[in-house]
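**Student:** Note that my numbering has the sequence shown beginning at 52, numbered continuously upward. I'd like to ask you about the structure that follows.
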Amino acid sequence: MSRPPADRADRAVPVVEAPRVEHHREPLGIGERAPRLSWRIVSAPEGWRQTAYRVNVERDGATTSHESQDPDQGTEQGADQVLVAWPGRPLGSRDVAVVRVAVRGADGAWSAPSPPTTLEAGLLDPADWVARPVGATLNENPNTDDRRPSILRKEFEVRAGLVRARLYATAHGLQEAEINGRRVGADTLAPGWTVYGERLRYATHDVTELLETGANAIGAWLGDGWYRGRLGWRGGFRNVYGDDQSFLAQLELVYADGGREVVPTDWSWRSAPSPILRSGIYDGEDHDARAEQPGWSRAGFDDSAWDGVQERRRDPATLVAPTGPPVRVTQELRPVRLLTGPSGSRILDFGQNLVGRVRMRVSGPAGTTVTLRTAEVLQDGEICTRPLRAARSADIYTLAGRPVEEWEPRFTYHGFRYVEVSGWPGGPGGLDDDVAAGALVARVLHTDLERTGWFTSSDPLLNRLHENVVWSMRGNFVDLPTDCPQRDERIGWTGDLQVFAPTASTLFDVSGMLSGWLRDLAVEQLPDGTVPWFVPVIPAVDKWTPMRPGAAWGDAATLVPWTLYERFGDEGVLRAQFDSARRWVDLVDRLAGPSRLWDTGFQLGDWLDPAAPPEDPADARTDRYLVATAYFARSARTVARMAEVLGLDAEHASYAALADEVAAAFEGAYVAGDGRMSSDAPTAYALALRFGLITDPVLREAAASRLAELVRQADNRIATGFVGTPLVSDALSADGHLDTAYDLLLERDCPSWLYQVEQGATTVWERWDSLLPDGTVNPGQMTSFNHYALGAVADWMHRVVAGLAPDAPGYRRIRFAPRPGGGLTHAAARHLTPYGETSVSWRTEGGELRVEAVVPIGATAVLDLPGAAAEELAPGTHRRTAPLPP
Ligand code: BGC
52 MSRPPADRAD
62 RAVPVVEAPR
72 VEHHREPLGI
82 GERAPRLSWR
92 IVSAPEGWRQ
102 TAYRVNVERD
112 GATTSHESQD
122 PDQGTEQGAD
132 QVLVAWPGRP
142 LGSRDVAVVR
152 VAVRGADGAW
162 SAPSPPTTLE
172 AGLLDPADWV
182 ARPVGATLNE
192 NPNTDDRRPS
202 ILRKEFEVRA
212 GLVRARLYAT
222 AHGLQEAEIN
232 GRRVGADTLA
242 PGWTVYGERL
252 RYATHDVTEL
262 LETGANAIGA
272 WLGDGWYRGR
282 LGWRGGFRNV
292 YGDDQSFLAQ
302 LELVYADGGR
312 EVVPTDWSWR
322 SAPSPILRSG
332 IYDGEDHDAR
342 AEQPGWSRAG
352 FDDSAWDGVQ
362 ERRRDPATLV
372 APTGPPVRVT
382 QELRPVRLLT
392 GPSGSRILDF
402 GQNLVGRVRM
412 RVSGPAGTTV
422 TLRTAEVLQD
432 GEICTRPLRA
442 ARSADIYTLA
452 GRPVEEWEPR
462 FTYHGFRYVE
472 VSGWPGGPGG
482 LDDDVAAGAL
492 VARVLHTDLE
502 RTGWFTSSDP
512 LLNRLHENVV
522 WSMRGNFVDL
532 PTDCPQRDER
542 IGWTGDLQVF
552 APTASTLFDV
562 SGMLSGWLRD
572 LAVEQLPDGT
582 VPWFVPVIPA
592 VDKWTPMRPG
602 AAWGDAATLV
612 PWTLYERFGD
622 EGVLRAQFDS
632 ARRWVDLVDR
642 LAGPSRLWDT
652 GFQLGDWLDP
662 AAPPEDPADA
672 RTDRYLVATA
682 YFARSARTVA
692 RMAEVLGLDA
702 EHASYAALAD
712 EVAAAFEGAY
722 VAGDGRMSSD
732 APTAYALALR
742 FGLITDPVLR
752 EAAASRLAEL
762 VRQADNRIAT
772 GFVGTPLVSD
782 ALSADGHLDT
792 AYDLLLERDC
802 PSWLYQVEQG
812 ATTVWERWDS
822 LLPDGTVNPG
832 QMTSFNHYAL
842 GAVADWMHRV
852 VAGLAPDAPG
862 YRRIRFAPRP
872 GGGLTHAAAR
882 HLTPYGETSV
892 SWRTEGGELR
902 VEAVVPIGAT
912 AVLDLPGAAA
922 EELAPGTHRR
932 TAPLPP
């Protein structure tokens, strides 16, 4: 996390941080030829404002300097500091550039140059790839999960004078590479999951330090992963992308004398069966340490008993560099308790529902088999695995008999809080002692996103709710945004992300990861504009195949890019997704026809409305076609706004007109003359109010009052599903019913947000009552304890409870509008914006509201306190006191 803005008064000149490159945390192996640059100014004299910038680019020993255009030329370009266009000539493959930024204020004085950022391009041209995917010859039945993975190796020489070495690597399946017995990098589950046929990601690693002059060896572990492992529910499908398991890599060596050598994967590699006996995303991993071959990834190992490899086909044009960070282990947790179940089972409780896997350190006789089975919850004192459906979710390790063995599965992950351990060696008490000594730890993994948003308040339950949202996000941002991390599903449901994207963008920097996922969405979109239910697409049963257009899910195509634009100020994502977004709206336009009402076809509607019967979660209180038409209006409006930003005047006009027509049709069809809606349910009102579909102020007020009345009539228990829940709090607070919004937020009876917290939830659940009030697990087929969608309220907590929101794209202008209530005496939010850290905090004291707000340099802000006139704020720290609202 960046430093808070320092005390600016004692600094005469501004201080600039090392620039950032596109949305990369580490700009090594990037895919952009002209990467945009951003920088934060961490301190500056009071009142200082950037009026010009200079970017120095050092390439091949020469430095070029590029200055923003002079403000006197009538351009404001000099004030930009976020995603500024690449100033030099475009990068070529492997090009290295060292970038520094200096800034100038109105006084004409330049700052010192920033610390340098070194960036390096990946392999940008298909012709750069000489490697071929290679793997063991297939001799197993392609239709079983019992396929034994292989390991691959190759020896090579390195001359004296090596100055730089890069490994470009990917796989059909999953890979982990080793060089000379040491692991390459820390990425996990690489290359992640994309639409492999069109976009297969490769990673770039600096491996210079792993190599030695003389004989070297490179090895690769392989696993099935998403490429050919089982995917999907009700038995699922295998070999979705191919039935091979291959490594595709190119090790490039650069010498001081200018010489270059490439060690690519090709026919000369060797293969052997892996000590991993089987491995699957859903099922877990079986590893027999007796089958390990010590030294296999070191030079001099005798591989004469190994087999050759087969070359596979791959179009190098499909290889792409990542736009976001890789998946990594980011935290380790020790169990908080070791339980004994009624059957005598031994169960670790990690105290937190998490996503990752367990690492063990164990000693025992060769051939001893330890089994770890995971679960999110207990029932009757035993792990409850029914919600996992057909995911075996177990890891099985067979000891080699070495004095100490350490093992963690490589190509799988689980969603769990509890782990049942069986077969642990060491006699009675052995497990207790070993657990106490730290022999079993949970390793938390997810896309290694930078945290950007924090919230706290005077209410510990609310704080726990927020923590639960963060944990659910971590657990479901595992290379792609998934619905859940534990059962035989874990796929990129578009609707889940659509509703959660604002919260995700508040909590973490998801800009790079989600712009990559949106590329996949566009690739998977059907020619008629249909957006799949999940991205990447997998074959699925009945209503999911063939794909059909569905509101709220398909609207990810329009609303997710817009959210990224609002939160990260990235116009590029709008440009990249515009065609996909408008194709979605055009399709809905055709489906709706002249009535402008989308009132036909299959819809999920307000999915998981608590009133829907467990076996039919789409049977909500709110008419599903009302939902569909509301989203049609919202998406048409969003495409109009996208067009406006992109300067597409004709498109702006036509989509704006369409949006108006749909809104009018909506109002005509679903809103009565007294503001009552045809579906007299909270989701209907929330949609109409938040999507601007009731224009008459009198009707709008009536609708808002009816919404508040419905909430009160339900004793503040929640009555919305996936669609209404992310909107209902804003609908209340923005239209005069803040108190009711707080009542809803702070309710503890089922169903409610805090019901889950009071039941001991440590993540957000899929169903409001995944755990029933009697403590038993909901018997529904779909009962996850880790689904982020209903946690979308966290964004409202930041924006309204604490009062921190973007007011212009990328937080160039910030809106501080705390709305105290609910008996809270304190709330605060911090956010690491592209401009730097901003924060707001309020406290009620002696009948007054005391507020402190921090504006980063480069941004402006407005402070909007209840009962006071709005005030403009400049960069710096501001303290205000206001009368407490009644
Ligand atoms: C998933 C959801 C998803 C829904 C749609 C479920 O199985 O877990 O979160 O959006 O199906 O039908």
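Don't be surprised by glycine CBs; every beta carbon is placed ideally from N, CA and C.
With hydrogens ignored, establish whether the beta-carbon of Asp606 is closer than 6 Å to any heavy atom of ligand 1.
**Tutor:** Flag unset: Cβ of Asp606 not near ligand 1.
**Student:** Could you give the uninterrupted runs of the beta strand (DSSP E) lying entirely in the region 97-123, keeping only those of 3 residues or more?
**Tutor:** Fully enclosed beta strand (DSSP E) runs of 3 or longer: 101-110 and 113-118.
**Student:** Examine ligand 1 and report whether any of its heavy atoms sits within less than 6 Å of the Cβ of Gly546.
**Tutor:** Correct: Gly546 has its Cβ closer than 6 Å to ligand 1.
**Student:** Should Pro926 be labelled buried (16 or more other beta-carbon atoms within 10 Å of its own) or exposed?
**Tutor:** Buried, since its Cβ has 16 or more Cβ neighbours within 10 Å.
**Student:** For Thr689 and Ala607, what's the separation of their Cα atoms in angstroms?
**Tutor:** About 11 Å.
**Student:** Does DSSP put Asp483 in a helix, a strand or coil?
**Tutor:** Reduced to three states, the DSSP call for Asp483 is helix.
**Student:** Roughly how far, in whole angstroms, is the beta-carbon of Gln296 from the beta-carbon of Gly186, given that I think they are within contact range, below 8 Å?
**Tutor:** 5 Å between Cβ atoms; contact.
**Student:** Rounded C-beta distance between Arg76 and Glu501? I'm assuming under 8 Å.
**Tutor:** So it is a contact: roughly 6 Å between Cβ atoms.
**Student:** Less than 7 Å between the beta carbons of Arg329 and Asp339, yes or no?
**Tutor:** For Arg329 and Asp339, no; Cβs fall outside 7 Å.
**Student:** In chain order, which continuous runs of the beta strand (DSSP E) of length 3 or greater are located wholly inside the region 127-210?
**Tutor:** Listed in chain order, they are 147-156, 168-172 and 201-209.
**Student:** What residue ranges within the region 480-533 form continuous alpha helix (DSSP H) runs of no fewer than 4 residues, ordered along the chain?
**Tutor:** Here the runs fully enclosed are 481-487 and 511-527.
**Student:** CB of Asp238 to nearest heavy atom of ligand 1: below 6 Å?
**Tutor:** False, no ligand heavy atom lies under 6 Å from that Cβ.
**Student:** Going straight from the alpha carbon of Val93 to that of Leu638, what length do you get?
**Tutor:** Going by the C-alpha atoms only, they are around 47 Å apart.
**Student:** Is Gly335 near Thr422, with beta carbons less than 7 Å apart?
**Tutor:** Their beta carbons are not under 7 Å apart, which means Gly335 does not touch Thr422 by this criterion.
**Student:** Grab me the residues of Pro668's own chain with a C-beta within less than 6 Å of its C-beta, minus the 5 sequence neighbours each way, in chain order.
**Tutor:** If we look at Pro668 and ignore the five residues flanking it on each side, its Cβ neighbours are Trp658 and Leu659.
**Student:** Within its chain, find whatever has a CB closer than 8 Å to the CB of Ala723; leave out the 5 residues flanking it on each side and keep chain order.
**Tutor:** Contacts found: Ser729.
**Student:** Under 6 Å: does the beta carbon of Met524 sit that close to some heavy atom of ligand 1?
**Tutor:** The answer is no for Met524.
**Student:** What beta strand (DSSP E) runs, 3 residues minimum, are completely inside the region 238-289?
**Tutor:** Qualifying beta strand (DSSP E) stretches, in chain order: 254-257 and 265-274.
**Student:** Flag this pair as touching only if the region 735-746 and the region 776-785 have three or more C-beta atom pairs under 8 Å; answer yes or no.
**Tutor:** Result yes; three or more Cβ-Cβ pairs closer than 8 Å.
**Student:** Between the alpha carbons of Ala33 and Ala707, how many angstroms are there, rounded?
**Tutor:** Only positions 52 to 937 of the chain appear in the structure, and residue 33 is not among them; the question remains open.
**Student:** Please determine whether the Cβ atom of Asp766 lies at a distance below 6 Å from any heavy atom of ligand 1.
**Tutor:** No, the Cβ of Asp766 stays beyond 6 Å of every heavy atom of ligand 1.
**Student:** Just to check my reading of the structure: Leu935 and Glu899 have Cβ atoms closer than 8 Å, yes? What is that Cβ distance to the nearest angstrom?
**Tutor:** That belief holds up - the Cβ atoms of Leu935 and Glu899 are roughly 6 Å apart, short of 8 Å.
**Student:** In this structure, does DSSP put Glu896 in helix, strand or coil?
**Tutor:** Strand at Glu896.
**Student:** Do Ala445 and Cys435 have their C-beta atoms closer together than 7 Å?
**Tutor:** Contact: no.
**Student:** What ranges does the alpha helix (DSSP H) occupy inside the region 293-342, keeping only unbroken runs of at least 4 residues that lie completely in it?
**Tutor:** DSSP runs (the alpha helix (DSSP H)) wholly in the region 293-342: none.
**Student:** May I ask whether a heavy atom of ligand 1 can be found less than 6 Å away from the beta carbon of Asp539?
**Tutor:** Asp539: no, Cβ never under 6 Å from ligand 1.
**Student:** Measuring CB atoms only, is the region 148-168 touching the region 95-110, in the sense that at least three cross pairs come out at less than 8 Å?
**Tutor:** Flag = yes, the region 148-168 and the region 95-110 touch.
**Student:** Starting from Asp711, follow the alpha helix (DSSP H) in both directions and report where the run begins and ends.
**Tutor:** First-last of the alpha helix (DSSP H) with Asp711: Asp700 to Tyr721.
**Student:** Using the three-state DSSP reduction, which class does Pro934 fall into: helix, strand or coil?
**Tutor:** It is a strand residue.
**Student:** Expressed to the nearest angstrom, what Euclidean distance is found between the alpha-carbon atoms of Pro177 and Asn519?
**Tutor:** Their backbone Cα atoms lie some 43 Å apart in a straight line.
**Student:** Does the Cβ of Ser820 lie closer than 6 Å to at least one heavy atom of ligand 1?
**Tutor:** Checking the displayed sequence, the identity of residue 820 turns out to be Asp instead of Ser. No, Cβ of Asp820 sits at least 6 Å from all heavy atoms of ligand 1.
**Student:** Compute the Euclidean distance between the alpha carbons of Arg408 and Ser556, then round it to the nearest angstrom.
**Tutor:** Their Cα atoms are separated by approximately 26 Å.
**Student:** Hey, would you say Ala372 sits closer than 7 Å to Gly80, going by beta carbons?
**Tutor:** Yes, the pair counts as a contact, with Cβ atoms nearer than the cut-off.
**Student:** In this structure, does DSSP put Ala220 in helix, strand or coil?
**Tutor:** Of the three classes helix, strand and coil, the one that applies to Ala220 here is strand, per DSSP.
**Student:** Residues in the same chain with beta-carbon distance under 6 Å from Ala237, minus the five sequence neighbours each way, listed in chain order, please.
**Tutor:** Once the five neighbours on either side are set aside, the close Cβ partners of Ala237 are Arg379.
**Student:** Three-state secondary structure (DSSP) at Ala547?
**Tutor:** Checking the displayed sequence, the identity of residue 547 turns out to be Asp instead of Ala. Residue state, collapsed to three classes: helix.
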